[in-house]
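Engineer:
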Amino acid sequence: GQSLEQPSEVTAVEGAIVQINCTYQTSGFYGLSWYQQHDGGAPTFLSYNALDGLEETGRFSSFLSRSDSYGYLLLQELQMKDSASYFCAVRVDRGSTLGRLYFGRGTQLTVWP
Amino acid sequence: DSGVTQTPKHLITATGQRVTLRCSPRSGDLSVYWYQQSLDQGLQFLIQYYNGEERAKGNILERFSAQQFPDLHSELNLSSLELGDSALYFCASSEGGDEDEQYFGPGTRLTVT
């Protein structure tokens, strides 16, 4: 099966940098995605890593180490609106089931003024 | 706005009843995914359809069924409802069956009393 571990809560102040870690155990790992979800809202896609290394998109960056089964989401210059839940999700390579995602339990980020 | 629509937004029903949740994917997207999100289980993949055919199955109960119609909209049918089925049900879509990014609809909040 698949398992993903991420911290349940993280807090930080406005303007700070925060890193949300995700470790996974899965067979047929294909890639790691990150989604943001505000309270009661729909998850929205942030980033995707299939290869080792850092992907940067504005204030957000995502990192993957396939050998360590580990990734993280880095949020810089935190803003109040970044307060949300952040989910890591793995894609597995199993032929026709390539598209499905397995989600972690989510990390609740609270940004304080 | 992701372009994915879901109806209804809220649904309150009694145990033992049957309900149908509806999803219209983004224009041009062929894949539809259904997810269940509850407080204790996180985001759980239920099922994926691609261009009208079932593509992948997750933790979907036998009491639940889904289909994707020729116009690509999808319906999730939940029957013999139990209190534990109370959750947010999300539909997501992607252009093909294995894209990096899935676009989530606003969800249907089901409350079983």
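Same order as they appear, the protein sequences are chains C and V. Using our numbering, the first residue of the first sequence is number 1, and each one after it goes up by one. Using our numbering, the first residue of the second sequence is number 1, and each one after it goes up by one. For glycine and all other residues, C-beta sits at the position ideal for the given N, C-alpha and C.
Have a look at the DSSP bridge pairing and note the partners of A84/C.
Structural biologist: Note: A84/C sits in a beta bridge opposite L109/C.
Engineer: Do the stretch 25 to 32 of chain C and the stretch 45 to 56 of chain C make contact, defined as three or more Cβ pairs closer than 8 Å?
Structural biologist: Contact holds: three or more Cβ-Cβ distances are below 8 Å.
Engineer: For the stretch 1 to 13 of chain V and the stretch 86 to 93 of chain V, state whether three or more C-beta atom pairs, one from each stretch, are separated by less than 8 Å.
Structural biologist: Judged by Cβ distances under 8 Å, the stretch 1 to 13 of chain V makes contact with the stretch 86 to 93 of chain V, as three or more pairs qualify.
Engineer: Between L75/C and I17/C, is the Cβ-Cβ spacing less than 8 Å?
Structural biologist: Cβ atoms of L75/C and I17/C: closer than 8 Å.
Engineer: Below 9 Å on C-beta distance, what does T44/C contact in chain V?
Structural biologist: Those are S2, Y103, F104, listed as they occur along chain V.
Engineer: Spell out the partners DSSP gives K57/V in its beta bridges.
Structural biologist: DSSP output for K57/V lists I47/V as bridge partner(s).
Engineer: Scan the stretch 41 to 73 of chain V for residues whose Cβ lies nearer than 8 Å to a Cβ of chain C and list them as they occur along the chain.
Structural biologist: Residues G42, L43, Q44, F45, Q48, Y50, R55, A56, G58.
Engineer: Is G104/C helix, strand or coil by DSSP?
Structural biologist: Coil at G104/C, not helix or strand.
Engineer: With a CB to CB cut of under 6 Å and the five nearest residues on each side skipped, what residues in its chain are close to R22/V?
Structural biologist: So the qualifying residues of the chain are T7, E75.
Engineer: Can you check which of these residues, R18/V, E54/V, H10/V, L39/V, is closest to R100/C by C-alpha distance?
Structural biologist: Per the Cα distances, E54/V.
Engineer: For a contact meaning CB atoms closer than 7 Å, what does G107/V contact in chain C?
Structural biologist: Here the neighbours are A42.
Engineer: Per DSSP, what kind of secondary structure is G58/C in: helix, strand or coil?
Structural biologist: If DSSP states are grouped into helix, strand and coil, G58/C belongs with coil.
Engineer: On the DSSP bridge assignment, give the partners of V32/V in chain order.
Structural biologist: V32/V is bridged to Y49/V, S93/V.
Engineer: Between T11/C and the rest of its own chain, which residues show a CB-CB distance below 6 Å, the 5 nearest in sequence each way excluded?
Structural biologist: So the qualifying residues of the chain are T110.
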